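Using my numbering, the letters of the sequence shown map in sequence onto residues 200 to 643.
See structure below.
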Amino acid sequence: MSYFKNMNKVTFEGPKSSNPFAFKYYNPEETINGKTMEELLRFSVAYWHTFVGDGSDPFGAGTMIREWDQYTGMDLAKARVEAAFELFEKLDVPFFCFHDVDIAPEGQNLRETYANLDDIVAMIKDYMKTSKTKLLWNTANMFTHPRWLHGAATSPNADVYAYAAAKVKKGLEIGKELGAENYVFWGGREGYETLLNTDMKQELDNLARFFHMAKDYAKEIGFDAQFLIEPKPKEPTKHQYDFDVATGLAFLQKYDLTDTFKFNVEANHATLAGHTFEHELRVARINGMLGSVDANQGDTLLGWDTDEFPTDLYATTLAMYEILKNGGLGTGGLNFDAKVKRGSFDQEDLFHAHIAGMDAFAIGAKVAQRLIEDGVLDSVVEDRYSSYTKGIGLEIVEGQTDFHQLEQYALELGEVGNKSGRQEKLKGIINQYLLEAYTGVYAS
Ligand code: XLS
Ligand code: NI
Ligand code: NI
200 MSYFKNMNKV TFEGPKSSNP FAFKYYNPEE TINGKTMEEL LRFSVAYWHT
250 FVGDGSDPFG AGTMIREWDQ YTGMDLAKAR VEAAFELFEK LDVPFFCFHD
300 VDIAPEGQNL RETYANLDDI VAMIKDYMKT SKTKLLWNTA NMFTHPRWLH
350 GAATSPNADV YAYAAAKVKK GLEIGKELGA ENYVFWGGRE GYETLLNTDM
400 KQELDNLARF FHMAKDYAKE IGFDAQFLIE PKPKEPTKHQ YDFDVATGLA
450 FLQKYDLTDT FKFNVEANHA TLAGHTFEHE LRVARINGML GSVDANQGDT
500 LLGWDTDEFP TDLYATTLAM YEILKNGGLG TGGLNFDAKV KRGSFDQEDL
550 FHAHIAGMDA FAIGAKVAQR LIEDGVLDSV VEDRYSSYTK GIGLEIVEGQ
600 TDFHQLEQYA LELGEVGNKS GRQEKLKGII NQYLLEAYTG VYAS
């Protein structure tokens with residue numbers, strides 16, 4: 200059965216096209232710094248938002264009109280797989296991602312849940328034989344069901360902890376079965392509401408033990424996917440332990456897990472942490488820990504995870520700047536952890552949203568590559584830090600100074616001179632590069 204009958208395969212038509220169902224900037228075959236856009240951007244569809252999300256919010260019921268919703272239970276799960284692979288093919292995306300509960304309903308008990316998963320995983324595996332779309336990552340949902348109300352691997356209840364371990368064990372087996380390139384841990388309720396009833400040290404120690412056991416089990420079954428932590432500062436718990444990349448990194452360092460994990464950086468989570476998207480990417484990159492990206496955007500006027508499709512070209516440009524400087528994303532990708540707005544309830548809106556997101560990152564990638572090629576920011580940074588390439592600066596960098604020597608040097612200085620940081624000039628230049636992209640200079 201076809202779920203998107205009126206849709207054809209989306210192809211690249213270029214910036215002059217007025218066909219709403221064509222890519223204007225994302226040309227999978229075009230190369231950027233030696234890689235095709237398809238290889239560089241590694242787009243992924245998020246199963247939960249696109250095939251499960253119904254548009255409900257705290258004030259109202261679901262709004263989405265989805266043909267597969269004529270079914271329930273396992274029939275619905277199967278219909279979603281059919282719809283998913285049809286959409287993947289029509290959008291020509293190389294990857295997808297899911298939580299266990301997105302693909303199959305939970306049963307009365309864990310054994311039944313496993314059986315449901317086994318059925319659907321077999322069906323997905325079958326589809327993957329003829330589809331080019333691969334699994335970027337899977338994960339376990341350990342936040343929706345009431346059993347997780349106090350957390351999963353940080354729950355005060357050891358039975359819940361064991362249940363969580365079983366879910367992740369199964370998830371790792373599924374990842375291996377479907378050839379997942381990464382496995383994600385987003386600490387859905389790994390945090391706390393109040394310190395009055397919380398043993399923070401025990402919860403963090405337990406979380407680290409959990410990650411070590413996951414690592415050991417993946418090794419045992421020969422599942423060599425990259426493990427990823429996805430930081431988020433708040434929501435659903437008031438304080439989440441994986442607050443941001445820097446906090447996550449300190450945790451991984453303390454518990455000897457830096458070799459096992461990298462980060463899955465989500466734009467909207469950066470906003471919630473009071474950072475820019477590029478800040479989080481930069482912290483991950485300079486520490487060799489940038490693994491993958493949840494490509495969405497938040498709304499700075501709203502203090503929650505709105506998970507909008509990414510359309511802000513300034514943000515995608517600065518994000519792609521970090522990704523290109525990182526040499527790409529390795530086994531990671533740009534996963535649209537993004538949902539159509541509640542008022543965009545037609546199935547065709549799923550196409551508009553993904554096309555807009557893919558085009559936004561394609562423009563970002565082209566502009567960022569030009570900024571790098573022209574050394575626009577590098578030359579400024581190089582000049583700005585040039586005092587460390589000679590004289591006293593070089594001695595500082597080479598570790599040849601101490602406070603006595605620096606004091607002597609400072610006493611002889613009189614007053615110091617500084618140079619302008621020129622940030623407005625740089626922002627103007629970035630706008631100029633972006634406008635060149637709009638006017639089609641980068642169209643081919
Ligand atoms: C929620 C997270 C979630 C993860 C996967 O805010 O972004 O969707 O990406 O569990
Ligand atoms: Ni996410
Ligand atoms: Ni999120």
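Every residue gets a Cβ at the ideal spot worked out from N, C-alpha and C, and that includes glycine.
Values in this document were obtained by computation on a predicted structure and should not be read as measured data.
In this structure, the alpha-carbon of lysine 565 lies about 21 Å from that of histidine 551. Serine 585 carries a helical assignment under DSSP once its states are collapsed to helix, strand and coil. In this model, alanine 469 and valine 615 are separated by some 36 Å (Cα to Cα). Of Lys618, His553 and Glu572, the smallest CA-CA separation from proline 293 is found for His553. For the options Leu523, Gly590 and Thr397, the alpha carbon positioned closest to that of alanine 561 is the one of Leu523. Within the region 219-283, the runs of alpha helix (DSSP H) at least 4 residues long that lie entirely inside it are, in chain order, 236-240.
Going by DSSP, histidine 474 is part of no alpha helix (DSSP H) at all; its letter is neither H nor E. The beta carbon of glutamate 465 sits closer than 7 Å to at least one heavy atom of ligand 2. Within the DSSP bridge table, the entry for glycine 390 names Gln439 as partners. Between the region 217-231 and the region 495-512, the count of C-beta pairs closer than 8 Å stays below three; the two stretches do not touch.
In chain order, Met341, Ala351 and Ala352 place their CB closer than 6 Å to the CB of alanine 363, counting only its own chain and leaving out the 5 sequence neighbours on each side. Per DSSP, lysine 324 is one residue of the alpha helix (DSSP H) stretching across 309-329.
Between arginine 484 and asparagine 525 a beta carbon distance of about 5 Å is seen, short of the 8 Å cut, so the two are scored as contacting.
The Cβ atoms of methionine 263 and glycine 252 lie closer than 8 Å to each other. Taking all protein chains in view, the Cβ of threonine 516 is crowded by 16 or more other Cβ atoms within 10 Å, so the residue is classified as buried. According to the DSSP assignment, glutamine 604 belongs to no beta strand (DSSP E) but to the alpha helix (DSSP H) extending over 602-610. Nearest C-alpha to alanine 361 among Tyr270, Ala221, Leu309 and Gly386: Leu309. Distances from the CB of aspartate 577 to the heavy atoms of ligand 2 are all 7 Å or more.
Distance from the CA of valine 244 to the CA of phenylalanine 295, rounded to the nearest whole angstrom, comes to 5 Å. In this structure, alanine 407 sits near tyrosine 454, with a CB-CB distance shorter than 8 Å. For histidine 553, the enclosing alpha helix (DSSP H) covers residues 546-572. Taking a 10 Å sphere around the C-beta of histidine 248, we find 16 or more other C-beta atoms and assign the residue as buried.
A distance of 8 Å or more separates the beta carbons of tyrosine 246 and phenylalanine 284. Leucine 427 is bridged by DSSP to Val383 and Lys461.
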